[in-house]
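First the structure, in the form of structure tokens, and then the observations on it.
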Amino acid sequence: MKDKLESIKSQSIAEIDTVDSIQQLEEIRIKYLGKKGQLTQLLRGMGQLKPEERPVIGQLANEIRDMISEKIEETAYCLKRKEREKRLRNEFIDVTMPGRTKKLGNRHPLTKVLDEIEDIFIGMGFSIVEGPEIEKVYYNFDALNHSEHHPARDMQDTFYITEELLLRTQTSPNQVRTMEKQKPPIRVIVPGRVYRSDEIDATHSPMFHQIEGLVVDKGITMANLKGTLELFAKKLFGEHIQTKFRPHYFPFTEPSAEMDCTCSSCGGDGCHICKNTGWIEILGAGMVHPNVLENCNIDSTVYSGFAFGMGLDRIAMLKYDISDLRLMFENDKRFLEQF
Ligand code: PHE
Numbered sequence: 003m004k005d006k007l008e009s010i011k012s013q014s015i016a017e018i019d020t021v022d023s024i025q026q027l028e029e030i031r032i033k034y035l036g037k038k039g040q041l042t043q044l045l046r047g048m049g050q051l052k053p054e055e056r057p058v059i060g061q062l063a064n065e066i067r068d069m070i071s072e073k074i075e076e077t078a079y080c081l082k083r084k085e086r087e088k089r090l091r092n093e094f095i096d097v098t099m100p101g102r103t104k105k106l107g108n109r110h111p112l113t114k115v116l117d118e119i120e121d122i123f124i125g126m127g128f129s130i131v132e133g134p135e136i137e138k139v140y141y142n143f144d145a146l147n148h149s150e151h152h153p154a155r156d157m158q159d160t161f162y163i164t165e166e167l168l169l170r171t172q173t174s175p176n177q178v179r180t181m182e183k184q185k186p187p188i189r190v191i192v193p194g195r196v197y198r199s200d201e202i203d204a205t206h207s208p209m210f211h212q213i214e215g216l217v218v219d220k221g222i223t224m225a226n227l228k229g230t231l232e233l234f235a236k237k238l239f240g241e242h243i244q245t246k247f248r249p250h251y252f253p254f255t256e257p258s259a260e261m262d263c264t265c266s267s268c269g270g271d272g273c274h275i276c277k278n279t280g281w282i283e284i285l286g287a288g289m290v291h292p293n294v295l296e297n298c299n300i301d302s303t304v305y306s307g308f309a310f311g312m313g314l315d316r317i318a319m320l321k322y323d324i325s326d327l328r329l330m331f332e333n334d335k336r337f338l339e340q341f
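Each residue of the sequence shown is one higher than the last, beginning at 3 in my numbering.
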């Protein structure tokens, strides 16, 4: 029995010396000191010893148990310390290391021009409103006095969602939406995305941006339209810019016109940007058609108004001399950083 105890002692100590984790150490404790451990089992057999041997073996067994426990405790302490040191080493942060720089983005040229245009109109007493991009056919066409067979209604040109819903082809539906909600005097601009079934090339995109304008009050005339839009053009492109109005047709304005500006690139002499005409078309406009006013329950014998719609992308391209519309939507930072 004594030999067995001695061998448990030396064997357990040797095993403890090789452990490198708390878990292994616990396994060793169970193996020797646990309820079914080797030492515990051995002590159960004490009954078979001669009475005079019992105290001697008992004392030896206790000594060995204490020794093993102590050794386990010591080793556990060392292991925990080592683990903590290792963890601290891993968590070490070199505060002197240079940080990773984050590159700031740029405001998109469209956003910049839109802000500028909004500022100009706010300065003239307009407010800014927005409308839905998924629009009712009623607002996009019917209420805007498009006849039933107007070519713009064509499935080929317009993205229909259902028979009654489409992706708006213009921001003009917001003329109607505004007049339904608000009594005159009205002075609003409505920026937003519009959609047409166009092939993508340097000057076309199935998605682009417009800014709608609407003024309704008593006594509004074509002179107010011309004065407002001429002032706008001079503020945006410079005092030297000249404007002219050409007759045009829109179903929802009468009379209708398009406004041209002298080419800001060549000053009117003629260049590749204005196709040698010296003029560049900027927007469509006109006096709100009485039918449209009546569709919105506004008495067209008392009130009159003017409306206009301009392409934001085109204006940004002119202002920043950008030759390809596609650049606007690719979000290449090398392009965006230039503005
Ligand atoms: N909605 C017209 C277009 O997309 C522009 C326009 C707006 C014309 C308002 C007149 C009045 O071409």
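Every residue, glycine too, gets a C-beta built ideally from N, C-alpha and C. If you're wondering where the values come from, they're calculated on a predicted model, not measured in any experiment.
Assign residue i to buried or exposed, taking buried as 16 or more other Cβ atoms, counted over all protein chains shown, within 10 Å of its Cβ.
{"i": "Y141", "result": "buried"}
{"i": "F94", "result": "exposed"}
{"i": "H211", "result": "buried"}
{"i": "Q340", "result": "exposed"}
{"i": "A225", "result": "exposed"}
{"i": "G47", "result": "exposed"}
{"i": "D5", "result": "exposed"}
{"i": "Y34", "result": "buried"}
{"i": "Y322", "result": "exposed"}
{"i": "L145", "result": "Note on residue identity: the sequence assigns Ala, not Leu, to residue 145. Under this definition A145 is a buried residue."}
{"i": "I324", "result": "buried"}
{"i": "N64", "result": "exposed"}
{"i": "A16", "result": "exposed"}
{"i": "E137", "result": "buried"}
{"i": "T279", "result": "exposed"}
{"i": "N297", "result": "buried"}
{"i": "N147", "result": "buried"}
{"i": "P187", "result": "exposed"}
{"i": "G288", "result": "buried"}
{"i": "T223", "result": "exposed"}
{"i": "D262", "result": "buried"}
{"i": "I124", "result": "exposed"}
{"i": "I24", "result": "exposed"}
Can you find the residues in the same chain that come closer than 8 Å, C-beta to C-beta, to residue i, ignoring five residues on each side of it along the sequence?
{"i": "V290", "result": "Q177, L216, V218, F254, T255, S306, G307, F308 and A309"}
{"i": "C273", "result": "C265 and S267"}
{"i": "L329", "result": "F337"}
{"i": "L44", "result": "M3, K6, L7, I10 and A63"}
{"i": "A154", "result": "F143, H148, T160 and T171"}
{"i": "Q158", "result": "S199"}
Using a Cβ-Cβ cutoff of less than 7 Å, which residues in the same chain neighbour residue i once the five nearest sequence positions on both sides are dropped?
{"i": "I119", "result": "I213 and L238"}
{"i": "M209", "result": "R195 and Y197"}
{"i": "K236", "result": "I243"}
{"i": "R109", "result": "none"}
Quick one: residues in its chain with C-beta nearer than 6 Å to the C-beta of residue i, no 5 flanking neighbours on either side, listed in chain order?
{"i": "C80", "result": "none"}
{"i": "R31", "result": "I74"}
{"i": "N293", "result": "N147"}
{"i": "E232", "result": "T245"}
Could you work out which residue in the options is closest to residue i when comparing CA atoms only?
{"i": "D117", "options": "L314, S199 and F337", "result": "L314"}
{"i": "V139", "options": "I130, G125, L327 and H152", "result": "H152"}
{"i": "I163", "options": "D22, V131 and S199", "result": "S199"}
{"i": "E260", "options": "K236, E241, C276 and I282", "result": "I282"}
{"i": "Y197", "options": "D301, M3, Q184 and S174", "result": "S174"}
{"i": "E132", "options": "D334, K183 and R86", "result": "K183"}
{"i": "F247", "options": "E241, S258 and Q61", "result": "S258"}
{"i": "M126", "options": "I66, P53, K37 and V190", "result": "V190"}
{"i": "L327", "options": "G269, T205, V21 and P57", "result": "T205"}
{"i": "S14", "options": "L41, P134 and S23", "result": "L41"}
{"i": "R316", "options": "N333, C276, P53 and I122", "result": "C276"}
{"i": "G269", "options": "E241, L295 and S12", "result": "E241"}
At a Cβ threshold of 7 Å, is residue i touching chain B?
{"i": "V131", "result": "This model lacks chain B altogether, as it is built from one protein chain only."}
Contained beta strand (DSSP E) runs [length at least 3] in the stretch 174–262, N- to C-terminal order: 188–197, 209–219 and 245–252
Length-filtered (4 minimum) alpha helix (DSSP H) runs lying within the stretch 256–315: 292–297
Ranges of the beta strand (DSSP E) found wholly within the stretch 57–144, counting only runs of at least 3: 136–138
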